Amino acid sequence: MTPKQRKLAYELITNPPPGSDIAAAKDYGIDLTLLVENLDLTVVERLRKLYSVATFLEKMRKSSSIGR
Amino acid sequence: MTPNSEECINILNQAEVEYVVIGGVALVAHGSARATFDLDVCYQRSKDNIEKLCRALGPFHPRLRGAPLDLPFRFDPKTVTAGLNFTLATDLGDFDLLGEVAGLGFYDAVYKSSQIKKVENIECRVLSLDGLYKAKSAAGRDKDREALKEIKGLKELKERLGEE
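Chains as they are written, first to last, in the numbering used here: chain A, 730 to 797; chain B, 145 to 308.
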């Protein structure tokens, strides 16, 4: 994202246009800041982040089931 | 086990398999913040492509996920041709192979609803946000309700930012 796009993105998620899908997502409880953070990444960075998060969650899941 | 999507994509590309990444990984490629633990792929069901798919994944010991360990299963063209959708565990991680996607149909329809994403220096075909919306709507699962809201919000955000 360019600085201009980033500024617009934060404006859109802070004050979404009434009746928009962005507003509906925000009202539903979607964390729009995470979407903007991801849009600032390249596709490969998004996939690497997913792999890192999912691997960590899986380790947590395994260790909690062992400790049960 | 969570697959390394990049590695899987590389393996499929090197084997020249015709496929489209769908599901959670496709969503993440578009910018979603959701976590997913498997890689869902829609594959083209020609004889040639099924052979390529089996050659590509065969070395990673695909087995039916959740099935009893003693249940005989051989991942070969004969099995894939006889079946359609497979939920697999492999040495690469959990892999779902779908010949048909609810809400979209078979590979040709999924392909039409897909787009190319550049994953560093390789290209990967992923289902579009519109396609993901249709597929998630058709699946009709409770857990997809949140994803549907996210997809619509993400799509509008990208449009307003002038992104693809």
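Ideal Cβ positions, reconstructed from N, Cα and C, are used throughout, including at glycine. The model shown is predicted, which means the values in this text are computed figures rather than measured ones.
- Between T146 (chain B) and chain A, the shortest Cβ-Cβ separation is below 7 angstroms.
- Within a 10 Å sphere around the beta-carbon of S258 (chain B) sit 16 or more other beta-carbons, which makes this residue buried.
- In the structure shown, Q158 (chain B) falls within a helical segment according to DSSP collapsed to helix, strand and coil.
- Contact check for L241 (chain B) against V185 (chain B) passes: the beta carbons are separated by less than 7 angstroms.
- According to DSSP, residue pairing for D240 (chain B) in a beta bridge involves B:D184 and B:T231.
- Per DSSP, R189 (chain B) lies in no beta strand (DSSP E) and is assigned neither H nor E.
- E774 (chain A) is outside the set of residues whose beta carbon lies under 7 angstroms from a beta carbon in chain B.
- The beta-carbon of F181 (chain B) is placed less than 7 angstroms from the nearest beta-carbon of chain A.
- Legend: CB atoms of the region 159-176 of chain B lying less than 9 angstroms from CB atoms of chain A belong to residues G168, V169, V172, A173, H174, G175 and S176.
- According to the DSSP secondary-structure assignment, V165 (chain B) is paired through a beta bridge with B:V185 and B:V270.
- Using a Cβ-Cβ cut-off of 7 angstroms, S149 (chain B) counts as an interface residue toward chain A, since at least one Cβ of chain A sits closer than that to its own.
- Measuring C-alpha to C-alpha distances from S281 (chain B) to each of B:E303, B:L248, B:A211 and B:T223 identifies B:L248 as the nearest.
- Interface residue (Cβ-Cβ distance to chain A less than 7 angstroms): L301 (chain B) is classified as such.
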